[in-house]
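Colleague: Chains as they are written, first to last, in UniProt numbering: chain A, 1 to 342; chain B, 1 to 342.
C-beta: ideal position from N, C-alpha, C; glycine also.
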DNA sequence: GGCTGGATGGGTAACGTTACCCACTCCTGA
DNA sequence: TCAGGAGTGGGTAACGTTACCCATCCAGCC
């Protein structure tokens with residue numbers, strides 16, 4: 001390894017500005033008790049020396065100005081929308097987001113990822129779609145400001161940002177029914193078994209409820225795989241092999257819908273001629289003309305921005321729990337149409 | 001903020017195991033000079049107390065067991081393949097990857113992102129597709145083990161992982177020419193102006209070279225936008241407005257190709273009937289049947305794994321620079337076909 | 001018997017920053 | 001005139017870990 005030249009420290013800055021390290025620290029943190037003259041003098045010294053605070057040292061005593069983000073996986077394009085919003089919101093305050101993949105399905109891996117952030121002393125955690133037990137979230141929230149995205153359980157310890165998945169799923173299923181479909185299948189995530197608070201569970205349950213309410217209980221068909229392209233693909237293959245096969249598929253996520261489109265196509269069927277497909281998330285790619293997927297929109301950027309704001313508030317001292325719910329809308333595109341004649 | 005209960009520290013472990021903190025530290029680091037009995041005793045105490053090392057404190061003295069990953073943006077699905085490979089490789093050694101978005105185009109933002117990792121005292125940096133000046137990389141490499149993905153400049157200070165973009169671009173363009181196309185356009189990234197070592201530059205230059213070699217210099221048509229969906233979309237709209245319009249488009253990345261497909265579709269043209277489209281990266285989505293994009297494959301997972309291995313080696317003490325080059329292959333799918341009759 | 005050296009364990013001073021206190025100077029109002 | 005407080009600056013002890021060094025023990029050898 002190359003020889004590391006010594007970093008410029010707060011002591012160097014203090015010496016150069018002819019003040020105490022305490023004074024420099026105060027300027028850095030915008031703390032109370034600093035005159036304008038002092039501020040200018042210190043800032044000048046910082047610029048002169050090219051000083052940057054050493055984050056690890058900060059972490060030993062106070063803040064790190066770091067937000068930890070836990071994502072199941074970066075492959076999901078919808079997460080990119082969310083992160084854009086988050087970054088927007090927190091970067092003004094000098095905060096930096098660091099992202100870690102949680103894996104999403106393996107509880108041990110998920111726990112390791114969350115520990116990794118805590119051990120790195122982040123000031124707050126933004127956890128997207130956690131699959132763990134609620135108790136684990138509560139426990140984490142005791143140590144660190146926490147905002148959770150996409151879970152419906154209520155907690156007094158952390159904030160929740162979510163879309164109303166019941167409304168969203170209803171929109172999608174009602175849309176398909178409205179087009180005249182009866183054999184509407186659903187691609188679910190097998191994590192539904194873990195908790196009723198998971199968005200996956202709610203979307204699946206709502207699908208069944210709406211079907212039942214329209215007298216279509218007999219046509220309920222669920223492939224329980226995962227909210228990924230592979231999951232959508234495998235689930236759709238399974239659904240297509242049933243007899244009679246469905247005329248429409250409501251995939252629980254856009255990624256799964258992508259896999260569904262592929263499977264339909266591969267089976268020599270057309271969308272929406274033979275099968276209509278609807279997704280959920282309205283990630284930006286789904287709007288592209290060659291894909292044109294009907295999807296439930298839940299403004300990821302807004303959710304990300306809100307999560308950022310809530311985290312900053314919590315870091316600032318708020319303890320009361322907040323719940324921010326977005327009402328989704330349906331964006332109709334070319335992947336859904338009335339069923340063909342039988 | 002909730003009252004944080006004091007963390008379990010190395011001192012607690014030492015007291016519980018009735019040994020010194022030094023001994024515990026040695027066990028944690030697998031350092032020399034620890035008997036088997038000591039090891040067992042300390043491990044038992046660690047388990048009893050549920051101790052986890054405090055990373056920030058570690059960072060003050062030694063390693064953090066953290067690899068910092070700089071990505072232009074998480075939206076690019078190809079990066080997911082790379083990260084999967086990296087994670088695979090480093091997690092065995094107890095390392096954790098943390099990701100930061102570099103923005104990719106704004107030099108100041110990119111610099112901030114790289115600083116953020118250095119300030120967080122990562123043991124090594126894996127920088128995907130940096131757009132900054134080579135000097136900045138060299139400087140970073142002086143302080144921190146560095147592996148760069150996707151740049152062609154040689155350095156004695158850091159390792160490079162790349163695919164042979166000249167071969168890749170050649171494969172794509174030759175393929176289109178072989179199909180009978182003459183008016184083949186290219187969607188480039190406007191960053192090409194910054195350095196001849198950027199993969200964008202090489203792909204664009206190779207396109208022009210191959211066209212020229214086949215006597216098609218007069219048909220060279222480049223839309224210089226960016227390697228994103230928006231870029232591909234805007235670039236393609238521009239290309240389609242030319243007269244005569246191209247019969248094939250070689251997009252410099254799959255994401256750009258996605259945008260291109262959308263624009264072609266929106267113009268009421270078909271792929272590959274009216275226009276053939278080829279991409280680059282062969283991210284997993286491109287293989288899905290409803291997309292079926294012809295693309296240049298460069299085994300992202302292998303590149304990620306290799307990057308991880310090289311970083312661990314560097315952290316372990318290697319100083320000689322390594323250059324790992326993957327030879328790309330062409331994966332032909334339904335988005336390319338011979339041109340229609342004029 | 002004394003010397004050497006490997007194996008093992010521990011003591012201690014950093015690492016760079018901030019929280020917590022205290023000191024000093026003015027100014028205000030009784 | 002003086003107490004009290006606001007405004008400003010600094011001294012110092014942590015935070016949890018590890019690098020570096022030293023102490024001890026014991027086997028093996030001259």
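Taking DSSP's pairing of strands, which residues face residue 99/B in a bridge?
Modeller: In the second chain, the residue the question calls residue 99/B occupies position 99. According to DSSP, residue 99/B bridges with 99/A and 69/B.
Colleague: For residue 139/A, count the other beta carbons within 10 Å of its own beta carbon; 16 or more makes it buried, fewer makes it exposed. Which is it?
Modeller: Position 139 of the first chain holds residue 139/A. The residue in question, residue 139/A, is exposed, as its Cβ has fewer than 16 Cβ neighbours within 10 Å.
Colleague: Considering only the beta carbon of each residue, do residue 299/A and residue 279/A sit closer than 8 angstroms?
Modeller: Counting from one through the first chain, the residue named residue 299/A turns up at place 299. Counting from one through the first chain, the residue named residue 279/A turns up at place 279. With a cutoff of 8 angstroms on beta-carbon distance, residue 299/A and residue 279/A are scored as not near each other.
Colleague: Rounded to whole angstroms, what's the CA-CA distance from residue 103/A to residue 73/A? Just pull it up for me.
Modeller: The residue you call residue 103/A lines up with position 103 of the first chain. The residue you call residue 73/A lines up with position 73 of the first chain. Going from the Cα of residue 103/A to the Cα of residue 73/A covers about 6 angstroms.
Colleague: Which partner residues does residue 343/A have in the DSSP bridge list?
Modeller: Residue 343/A cannot be examined here, being either before or after the span of chain A that is shown, 1 to 342.
Colleague: For residue 277/A, which of helix, strand or coil comes out of DSSP?
Modeller: For the purposes of this step, residue 277/A is taken as residue 277 along the first chain, with counting starting at 1. DSSP, read as helix, strand or coil, puts residue 277/A in strand.
Colleague: Under 8 angstroms: do the stretch 126 to 146 of chain B and the stretch 84 to 98 of chain A share three or more Cβ pairs, one atom per stretch?
Modeller: Result no; under three Cβ-Cβ pairs closer than 8 angstroms.
Colleague: Can you find a CB in chain B that lies within less than 8 angstroms of the CB of residue 130/A?
Modeller: Here residue 130/A refers to the residue found at position 130 of the first chain. No, because no Cβ of chain B sits closer than 8 angstroms to the Cβ of residue 130/A.
Colleague: Skipping 5 residues on each side, what residues in its chain have a beta carbon closer than 6 angstroms to that of residue 165/A?
Modeller: Along the first chain, read from residue 1 onward, the residue named residue 165/A stands at position 165. Closer than 6 angstroms at the Cβ level, and outside the excluded window around residue 165/A, lie 199, 202 and 203.
Colleague: Name the residues in the stretch 83 to 96 of chain A whose C-beta lies less than 8 angstroms from a C-beta of chain B; which are they?
Modeller: 83, 87 and 96
Colleague: Helix, strand or coil: which one does DSSP assign to residue 267/B?
Modeller: Counting from 1 along the second chain, the entry for residue 267/B is found at position 267. Three-state DSSP puts residue 267/B in coil, outside helix and strand.
Colleague: Can you tell me which of the three DSSP states residue 325/B falls into?
Modeller: One-based indexing of the second chain puts residue 325/B at position 325. Note: residue 325/B maps to strand in three-state DSSP.
Colleague: Less than 7 angstroms between C-beta atoms, sequence neighbours within five positions excluded: which residues of the same chain meet that for residue 340/B?
Modeller: Position 340 of the second chain holds residue 340/B. Excluding sequence neighbours, residue 340/B sits near 273 and 274.
Colleague: Which value, in whole angstroms, describes the spacing of the CA atoms of residue 262/A and residue 23/B?
Modeller: The residue labelled residue 262/A in the question sits at position 262 within the first chain. The residue labelled residue 23/B in the question sits at position 23 within the second chain. The straight-line gap from Cα to Cα measures roughly 57 angstroms.
Colleague: So that I know if they touch, is there some Cβ in chain A lying closer than 8 angstroms to that of residue 60/B?
Modeller: Taking the second chain and counting its residues from 1, the one referred to as residue 60/B is at position 60. Yes - at least one Cβ of chain A is within 8 angstroms of the one on residue 60/B.
Colleague: Using a Cβ-Cβ cut-off of less than 8 angstroms, give me the residues of the stretch 238 to 271 of chain B that come near chain A, in sequence order.
Modeller: Within the stretch 238 to 271 of chain B, contact with chain A at the beta-carbon level (separation under 8 angstroms) is assigned to 258, 259, 261, 262, 263, 264, 265, 266 and 271.
Colleague: Do you know how far the Cα of residue 216/A is from the Cα of residue 296/B?
Modeller: Looking up residue 296/B in the second chain gives position 296. Looking up residue 216/A in the first chain gives position 216. Approximately 46 angstroms between the Cα atoms of the pair.
Colleague: Is the beta carbon of residue 157/B less than 8 angstroms from the beta carbon of residue 323/B?
Modeller: The count along the second chain starts at 1 and reaches residue 157/B at position 157. The count along the second chain starts at 1 and reaches residue 323/B at position 323. Cβ atoms of residue 157/B and residue 323/B: not closer than 8 angstroms.
Colleague: I want to see whether chain A comes within less than 8 angstroms of residue 350/B, judged by CB atoms only; does it?
Modeller: Residue 350/B is absent from the model: chain B starts at 1 and stops at 342.
Colleague: Within 8 angstroms, do at least three Cβ pairs link the stretch 56 to 63 of chain B to the stretch 108 to 116 of chain B?
Modeller: no
Colleague: Whole angstroms are fine: how far does the CA of residue 311/B sit from the CA of residue 178/B?
Modeller: Walking along the second chain from the start, residue 178/B turns up at place 178. Walking along the second chain from the start, residue 311/B turns up at place 311. In a straight line, the C-alpha of residue 178/B is about 41 angstroms away from that of residue 311/B.
Colleague: Spell out whether any CB of chain B is found under 8 angstroms from the CB atom of residue 121/A.
Modeller: As a working mapping, residue 121/A is identified with position 121 in the first chain. Output row for residue 121/A: interface = yes.
Colleague: So for residue 122/A, helix, strand or coil by DSSP?
Modeller: Here residue 122/A refers to the residue found at position 122 when the first chain is read from its first residue. Taken through DSSP and simplified to helix, strand or coil, residue 122/A comes out as coil.
Colleague: Does the beta carbon of residue 53/A sit closer than 8 angstroms to a beta carbon anywhere in chain B?
Modeller: In the first chain, counting from the first residue as 1, residue 53/A sits at position 53. With 8 angstroms as the cut-off, residue 53/A counts as an interface residue toward chain B.
Colleague: Counting only runs of 4+ residues fully inside the stretch 29 to 81 of chain A, write out the alpha helix (DSSP H) ranges in chain order.
Modeller: 36 to 49 and 55 to 61
Colleague: So what does residue 160/A bridge to, in DSSP terms?
Modeller: For the purposes of this step, residue 160/A is taken as residue 160 along the first chain, with counting starting at 1. Note: residue 160/A sits in a beta bridge opposite 148/A and 323/A.
Colleague: Can you grab the Cα-Cα spacing for the pair residue 48/B / residue 19/B, in whole Å?
Modeller: Stepping through the second chain from its first residue, residue 48/B is reached at position 48. Stepping through the second chain from its first residue, residue 19/B is reached at position 19. The straight-line gap separating the alpha-carbon atoms of residue 48/B and residue 19/B is approximately 15 angstroms.
Colleague: Per the DSSP calculation, residue 201/B is bridged to which residue(s)?
Modeller: Numbered from its first residue, the second chain carries residue 201/B at position 201. Answer is none; residue 201/B lacks a bridge partner.
Colleague: For residue 170/A, count neighbouring C-beta atoms within 10 Å of its own C-beta (all shown protein chains included) and say buried if the count is 16 or more, exposed if not.
Modeller: One-based indexing of the first chain puts residue 170/A at position 170. Residue 170/A is buried by the Cβ-count criterion.
Colleague: Would you grab the beta carbon distance between residue 250/B and residue 172/B for me? Rounded to a whole angstrom, and I think it's under 8 angstroms.
Modeller: On the second chain, position 250 is the one that residue 250/B refers to. On the second chain, position 172 is the one that residue 172/B refers to. Rounded, the Cβ-Cβ distance is 5 angstroms, consistent with contact.
Colleague: Where does residue 330/A fall in DSSP's three states?
Modeller: For the purposes of this step, residue 330/A is identified with residue 330 of the first chain, where counting begins at 1. Looking at residue 330/A - three-state DSSP - the assignment turns out to be strand.
Colleague: Determine, using beta carbons only, whether residue 303/A comes closer than 8 angstroms to chain B.
Modeller: Reading the first chain from its first residue, position 303 is the one you call residue 303/A. Chain B, which has no Cβ nearer than 8 angstroms to the Cβ of residue 303/A, makes this no.
Colleague: List the whole-angstrom C-beta distance separating residue 162/B from residue 307/B, where the pair is believed to meet the contact cut-off of C-beta under 8 angstroms.
Modeller: As a position in the second chain, residue 162/B is number 162, starting the count at 1. As a position in the second chain, residue 307/B is number 307, starting the count at 1. That pair is no contact at about 10 angstroms.
Colleague: Hey, quick one: how far does the beta strand (DSSP E) through residue 306/B stretch, first residue to last?
Modeller: The residue given as residue 306/B occupies position 306 in the second chain. Here residue 306/B belongs to no beta strand (DSSP E); instead the alpha helix (DSSP H) covers 300 to 315.
Colleague: Pull up the distance between the alpha-carbon of residue 135/B and that of residue 196/A, whole angstroms please.
Modeller: What you label residue 135/B is simply residue 135 of the second chain in a count that begins at 1. What you label residue 196/A is simply residue 196 of the first chain in a count that begins at 1. Those two C-alpha atoms are separated by around 53 angstroms.
Colleague: Heavy atom of the ligand MN less than 7 angstroms from the Cβ of residue 66/B, yes or no?
Modeller: Among the components of this structure there are no ligands whatsoever, and the ligand MN is therefore not found.
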